[in-house]
Amino acid sequence: MDTPFAITLGSASSRTNRTGAWRVERPVYRDLFPPCAAACPAGENVREWLHLAQDGDYEAAWREIMSVNPFPAIMGRVCYRPCETACNRGQLDETVGINSVERFLGDEAIRAGWTVSAGEATGRRVLVVGAGPAGLAAAYHLRLLGHDVTIRDSGPEPGGMMRFGIPAYRLPRDVLDAEIRRIVELGVTLELNTRVGDVADIRDAEGFDAVFLAVGAQLSHRTYVPAGDSAHILDALSVLRRTAGGAPPLLGRRVAVYGGGNTAVDVARTARRLGAADALIVYRRTRDRMPAHESEVTEAEEEGVRLRWLSTIAQADEGRVTVERMRLDESGFPQPTGEFDELDADAVVLALGQDSDLGLVSHTPSVATAHGRIVVDGAFMTGLPGVFAGGDAISGDRTVTSAIGHGRRAAQAIDAWLRETAVEASAPVVEAAFEGLNPWYYTDAPRQHRSKLEAARRTSTFDEVVAGLDAATALFEARRCLSCGGCFECDNCYSVCPDNAVIKLGPGRRYEIDLEYCKGCGLCAAECPAGAIAMIPEQRLEPS
Amino acid sequence: MPVEQIPYRQTGSLVAGNRLLAAELRAGQARPDRADALTCGHRACRGCGEALAARWVVDAALRATANRLIAVNATGCLEVFSTPYPESAWQLPWLHSLFGNAPAVATGVAAALRAQGRTDVRVLGQGGDGGTVDIGFGCLSGMFERNDDVLYVCYDNEAYMNTGVQRSGATPPAARTATTQAVGPEPGNVFGQGKNVPAVAMAHEIPYVATATVADLRDLEYKVTRAMDLRGARYLHVLVPCPLGWGSEAHDTIRLARLATQSGLFPVFEAEHGEVTAVTRIRHHVAVEEYLRRQSRYAHLFRPRERTDVIARIQAQADRNITRYGLLAESAPEEVS
Ligand SMILES: Cc1cc2nc3c(=O)[nH]c(=O)nc-3n(C[C@H](O)[C@H](O)[C@H](O)COP(=O)(O)OP(=O)(O)OC[C@H]3O[C@@H](n4cnc5c(N)ncnc54)[C@H](O)[C@@H]3O)c2cc1C
Ligand SMILES: Cc1ncc(C[n+]2csc(CCOP(=O)(O)OP(=O)(O)O)c2C)c(N)n1
Ligand code: SF4
Ligand code: SF4
Ligand code: SF4
Ligand SMILES: [Mg+2]
Chain A
133 MDTPFAITLG SASSRTNRTG AWRVERPVYR DLFPPCAAAC PAGENVREWL HLAQDGDYEA
193 AWREIMSVNP FPAIMGRVCY RPCETACNRG QLDETVGINS VERFLGDEAI RAGWTVSAGE
253 ATGRRVLVVG AGPAGLAAAY HLRLLGHDVT IRDSGPEPGG MMRFGIPAYR LPRDVLDAEI
313 RRIVELGVTL ELNTRVGDVA DIRDAEGFDA VFLAVGAQLS HRTYVPAGDS AHILDALSVL
373 RRTAGGAPPL LGRRVAVYGG GNTAVDVART ARRLGAADAL IVYRRTRDRM PAHESEVTEA
433 EEEGVRLRWL STIAQADEGR VTVERMRLDE SGFPQPTGEF DELDADAVVL ALGQDSDLGL
493 VSHTPSVATA HGRIVVDGAF MTGLPGVFAG GDAISGDRTV TSAIGHGRRA AQAIDAWLRE
553 TAVEASAPVV EAAFEGLNPW YYTDAPRQHR SKLEAARRTS TFDEVVAGLD AATALFEARR
613 CLSCGGCFEC DNCYSVCPDN AVIKLGPGRR YEIDLEYCKG CGLCAAECPA GAIAMIPEQR
673 LEPS
Chain B
-3 MPVEQIPYRQ TGSLVAGNRL LAAELRAGQA RPDRADALTC GHRACRGCGE ALAARWVVDA
57 ALRATANRLI AVNATGCLEV FSTPYPESAW QLPWLHSLFG NAPAVATGVA AALRAQGRTD
117 VRVLGQGGDG GTVDIGFGCL SGMFERNDDV LYVCYDNEAY MNTGVQRSGA TPPAARTATT
177 QAVGPEPGNV FGQGKNVPAV AMAHEIPYVA TATVADLRDL EYKVTRAMDL RGARYLHVLV
237 PCPLGWGSEA HDTIRLARLA TQSGLFPVFE AEHGEVTAVT RIRHHVAVEE YLRRQSRYAH
297 LFRPRERTDV IARIQAQADR NITRYGLLAE SAPEEVS
């Protein structure tokens, strides 16, 4: 043996001993689906864009969101944040402020003027009916896929309920305009003040290859409230629409709002801003059963909105309403008690839900409807081939986020239909549970909360209530993410292997297991903070 | 705290690498060009804490000495699994003589280098707890009192593992070993015996004494580097869980070291010239039971009936360490006599 002076054994001669043969289990790198992404109705891969934001590469992070959702700045304001409800960090201290980081990225993009570009032209023409979030999201994805898109909307401006429902104090119009403009500038033909009468007719007459119906739910749900001649009764959508259009109705000093959803809360907060000294929400069940989002109810209360539970409006007259007290029966339904109270109210605003106006398909029997909504198949197609639908007009959650998800998935389905292919079925995913993480390795990092506008300005102006995070706090918040189920290159596996059997492939390229030497101890898997390594049994050779 | 504690950035300095940190702030073991002084093909059991700690220690010492390092090894698992003739897993000049004389051989190597005027080449002695606290103890104490220029590292797996898990002076009370069976009213190793060699080393007032575990890579690397900055006799005592001897899962090796520190059973500190200069505080305090339950050497404390009395005595030991070294942030460190 040729060894240096005083060295009797060849160094590293142990490498002839292939200890991998001892193994009964082997480590395998995996990419589990994080719960935040699984919960996002728009389909954002939250962990991926947080990862990019952690590096300070805000543009790449924004582009990752944009690959799915064209409204990061809007989402960062109005989304009800199911991702945060699902976030694993909630089991450690407080959930990651995903939504506030998203808003920061969206605002950065508007400030910096980042844009996207349309795909190569296919020559196929798609008509989108409705310029709400569902229609705009579909148009955006169809343009990325190279299709020619025309949007028609009966309203004077695009945005749907994002403009004529959600008030400006939650979604400033410059933000809304900027994100819509970016979509229109992709080369979308936007035809406003144009109501679509009969879908089948228009499609055939104008030769569209496909149609996407995203007409939302524009009609206020009617309930009969016995009222005297001079009672002042309005519906919530018209109050909000007129306020958004700059011509708010006169409501008086005392306003009673009937209903318990987000619309009721928004209309009560709007009434306060329009000068009502007293805005009272009358709801027939209890607060915990209110469909409105908790944070919005809290914000309304901060602004002096009062809430009255277990009450229905029995009668409205000039200057006052009669409410009946309710009680909940065993199954949680409100039942009348026969006890009445009189309250002062100059106006009563009804916020009892919205219905879709489905006139545009009423002459097309092949397009089925059920419970006032259009029926679609798994690919968002109605009974009429080539006509698709999504958003509030079909069954499902009625949120902006869900409408965006519909728009994207419908665009993919339309694209597949136009190309006569099938949408790729997504592989079943395994969610990264908190139990699979090794929380020891995460630093204690308190969540950064967004500040709110001072109280006085919240009852006298439509200025935005919730402020954004600055760059430093947004970065901090992004870095609170645990990277559930996905390698973030912490080098733990590489460092803790007693057999040097983890090979580091370099930045962005992660690691590989050297199966010649890995004994299968499982330390790499146990000490991976993110649960990105699984131990799987080795195949044994059965005796023949 | 001597190791720079980097807050936030997702995992701060708690993980080895953390891509959000500048390269120089990452652990040595995260480097693609680390020495891997103990290379693959060694025959340590799956999940061996000693093999892991030895690579961490020797790699860090090589980096601190620009690769001018000679290692001297006592008999024990570390020698047997790394160097069965004609194989060696070592990637540095490495000597083995006997079970009980590693500190003396290391002294000799240091003396020979001094005689040659070679101040650049440094000496590392290493052995298991049996080789260190028992049979090699006389040589070690001599090395300390002469203040020989050697860093001696004890890999403490709390028994003679290489020969089949016999009790050593570092075996904790109540633990079952081949020679302290779980029989009789006081099953396992007896209370009130054994020795605390880090404390004995401090009593020699040598330049540097420290403890570490395989649960804290950065702390261990820091301590090796710090020791190599100093001259004279230095001692590092590293807790290394042993799946075979402790009856634990191979994948629990690091977790057990972590539970040992977080319960207070194994205090992590450093001392210079006989005075404690820093302690690593407990981050998530746990009861000793969490540590004991995962090891079958303590199974008799839980089956057939739970020996709450014995567990309470072990808990009292952990609590004593906590007050003695000030391991919880609230408690101020007491004078260590
Ligand atoms: C007051 C209020 C507050 C809300 N707050 C939130 C919130 O904070 N977060 C959230 O996620 N969701 C919120 N929502 C729900 C959300 O706004 C809707 O779910 C979402 O806008 C539905 O999107 P869409 O595209 O399906 O329909 P819409 O936004 O309703 O858009 C439909 C568009 O189609 C047009 N249209 C209809 N019929 C025709 C026709 N025949 N021809 C041409 N155009 C037509 C309409 O003019 C409209 O512009 C709120 C809703 C309301 C009412
Ligand atoms: C003088 C002498 N007695 C006994 C032995 C047998 N022997 C070799 S290693 C060993 C135990 C080693 O225990 P420890 O130092 O704790 O190292 P470990 O194997 O636990 O790492 C024994 C008893 C020997 N080699 N020489
Ligand atoms: S910690 Fe990060 S990856 Fe995990 S659920 Fe929360 S946002 Fe998603
Ligand atoms: S730590 Fe090393 S030996 Fe153990 S399973 Fe992972 S790669 Fe294999
Ligand atoms: S017996 Fe223990 S110390 Fe020895 S090689 Fe196995 S795990 Fe390591
Ligand atoms: Mg030992």
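Same order as they appear, the protein sequences are chains A and B.
With positions in the first sequence counted from 1, the corresponding number in the numbering used here is that position plus 132.
280 is the number that the numbering used here gives to position 284 of the second sequence; each next residue is one higher, with no gaps.
Beta carbons are placed, not taken as given, at the ideal position from N, Cα and C, and that holds for glycine.
Subject >> Short CB-CB distance (under 8 angstroms) between A/Thr148 and chain B >> reply: Under the 8 angstroms criterion on CB atoms, A/Thr148 is classed as interfacial with respect to chain B.
**OP:** Please go through the same chain and pick out, in chain order, the residues whose beta-carbon is closer than 6 angstroms to the beta-carbon of A/Gly515, but skip the five residues on each side of it.
**Re:** Answer for A/Gly515: Ser498, Val499 and Ala500, listed in chain order.
**OP:** Indicate whether at least one CB of chain A lies closer than 8 angstroms to the CB of B/Val11.
**Re:** Answer yes: the Cβ-Cβ gap between B/Val11 and chain A drops below 8 angstroms somewhere.
Original post:
From which residue to which residue does the alpha helix (DSSP H) around A/Phe608 run?
Top reply: Annotation for A/Phe608: the continuous alpha helix (DSSP H) segment containing it runs Ala603 to Ala610.
Subject >> Closest by C-alpha distance to A/Leu550, when choosing among A/Thr326, A/Met513, A/Tyr212 and A/Asp478 >> reply: Minimum Cα distance to A/Leu550 is reached at A/Met513.
Subject >> Within-8 angstroms CB hit, A/Arg611 to chain B >> reply: Under the Cβ distance rule, A/Arg611 counts among the residues neighbouring chain B, one pair being separated by less than 8 angstroms.
Original post:
Interface residues of chain B around A/Cys622 at Cβ under 8 angstroms?
Top reply: By Cβ distance, chain B contributes Thr7, Val11, Ala12, Gly13, Asn14 and Arg15.
**OP:** Could you tell me whether the Cβ of B/Trp86 comes closer than 8 angstroms to any Cβ of chain A?
**Re:** B/Trp86 counts as touching chain A.
Original post:
Should B/Lys191 be labelled buried (16 or more other beta-carbon atoms within 10 Å of its own) or exposed?
Top reply: With fewer than 16 Cβ atoms within 10 Å of its Cβ, B/Lys191 is classed as exposed.
Subject >> Test: A/Tyr190 CB closer than 8 angstroms to a CB of chain B >> reply: No, its Cβ sits nowhere closer than 8 angstroms to a Cβ of chain B.
Original post:
Quick one: does the C-beta of A/Ala633 sit closer than 7 angstroms to a heavy atom of ligand 4?
Top reply: Taking 7 angstroms as the cut-off, the C-beta of A/Ala633 counts as close to a heavy atom of ligand 4.
Original post:
Is A/Phe165 helix, strand or coil when you go by DSSP?
Top reply: In this structure, A/Phe165 counts as strand in the three-state DSSP scheme.
Original post:
If you drop the 5 nearest sequence neighbours on each side, which residues of the same chain put their C-beta closer than 6 angstroms to that of B/Gln6?
Top reply: Once the five neighbours on either side are set aside, B/Gln6 has no close Cβ partner at all.
**OP:** Using 10 angstroms around the beta-carbon of A/Lys584, count the other beta-carbons present and answer buried if the total reaches 16, otherwise exposed.
**Re:** Only exposed fits A/Lys584, as fewer than 16 other CB atoms lie within 10 angstroms of its CB.
**OP:** Sort A/Ala332, A/Arg438 and A/Gly393 by Cα distance to A/Glu426 and report the nearest one.
**Re:** Here the closest residue by C-alpha is A/Gly393.
Original post:
Which residues in chain B sit within 9 angstroms of A/Gly142, going by Cβ to Cβ distance?
Top reply: Near A/Gly142 (Cβ distances below 9 angstroms), the residues of chain B are Pro82, Glu83 and Ser84.
Subject >> Per-residue contacts from A/Cys679 into chain B (C-beta, under 7 angstroms) >> reply: Residue 679 of chain A lies beyond the residue range present for chain A, which begins at 133 and ends at 676; the question has no answer from this structure.
**OP:** Quick one: grab the DSSP three-state call for B/Glu271.
**Re:** B/Glu271 falls in the strand class under three-state DSSP.
Original post:
Got a sec, what are the start and stop residues for the alpha helix (DSSP H) A/Glu214 sits in?
Top reply: Note on residue identity: the sequence assigns Pro, not Glu, to residue 214 of chain A. Looking at the DSSP string, the run of the alpha helix (DSSP H) that includes A/Pro214 is Pro214 to Ala218.
Original post:
Can you tell me the Cα-Cα spacing of B/Gly8 and A/Arg612, whole angstroms?
Top reply: Computed Cα separation, rounded: 10 angstroms.
Subject >> Inter-stretch contact at 8 angstroms, needing at least 3 Cβ pairs: the region 625 to 640 of chain A / the region 21 to 34 of chain B >> reply: Between the region 625 to 640 of chain A and the region 21 to 34 of chain B there are three or more C-beta pairs closer than 8 angstroms, enough to call the two in contact.
**OP:** Quick one: list the residues of chain A neighbouring B/Thr71, beta-carbon separation under 7 angstroms, in chain order.
**Re:** The contacting residues do not exist; B/Thr71 stays about 16 angstroms from chain A at best.
Original post:
Does any C-beta atom of chain A lie closer than 8 angstroms to the C-beta of B/Thr249?
Top reply: Against chain A, the CB of B/Thr249 has a partner CB under 8 angstroms away; the residue lies at that interface.
Original post:
Helix, strand or coil: how does DSSP classify B/Gln122 here?
Top reply: If DSSP states are grouped into helix, strand and coil, B/Gln122 belongs with the strands.
**OP:** Give a yes or no on whether 8 angstroms exceeds the smallest Cβ distance from B/Thr159 to chain A.
**Re:** It does not; no Cβ of chain A falls within 8 angstroms.
Subject >> Under 8 angstroms (Cβ pairs) to chain B, residues found in the region 224 to 236 of chain A >> reply: Residues passing the 8 angstroms Cβ filter: none.
Original post:
Within this structure, are the beta carbons of A/Val248 and A/Leu274 separated by less than 8 angstroms?
Top reply: Cβ atoms of A/Val248 and A/Leu274: not closer than 8 angstroms.
Subject >> Proximity to A/Leu637 [Cα-Cα], best of A/Ser558, A/Cys622 and A/Ala368 >> reply: The option with the nearest alpha carbon to A/Leu637 is A/Cys622.
Original post:
At least one CB of chain A closer than 8 angstroms to the CB of B/Val305: is that the case?
Top reply: The displayed chain sequence assigns Asp, not Val, to residue 305 of chain B. Cβ-Cβ to chain A under 8 angstroms: no for B/Asp305.
Original post:
Three-state secondary structure (DSSP) at A/Pro571?
Top reply: Three-state DSSP puts A/Pro571 in a helix.
Original post:
Which residues mark the beginning and the end of the beta strand (DSSP E) in which B/Cys150 is found?
Top reply: Run containing B/Cys150: Leu147 to Asp152, per the beta strand (DSSP E) assignment.
Original post:
Quick one: does the C-beta of A/Ser286 sit closer than 7 angstroms to a heavy atom of ligand 1?
Top reply: For ligand 1, at least one heavy atom lies less than 7 angstroms from the Cβ of A/Ser286.
Original post:
Alpha carbon to alpha carbon, what distance is there between A/Arg221 and B/Thr167?
Top reply: Spanning the alpha carbons of B/Thr167 and A/Arg221 requires a straight line of approximately 39 angstroms.
**OP:** Within 10 angstroms of the Cβ of A/Pro265, are there 16 or more other Cβ atoms? Answer buried if so, exposed if not.
**Re:** With 16 or more other Cβ atoms within 10 Å, it is buried.
Subject >> CB contact below 8 angstroms: B/Lys219 versus chain A >> reply: No, B/Lys219 lies away from the interface with chain A (no Cβ there is under 8 angstroms from its Cβ).
**OP:** Consider the C-beta atom of A/Gly654 and the heavy atoms of ligand 5; say whether any pair is separated by less than 7 angstroms.
**Re:** Checking the Cβ of A/Gly654 against ligand 5 gives no.
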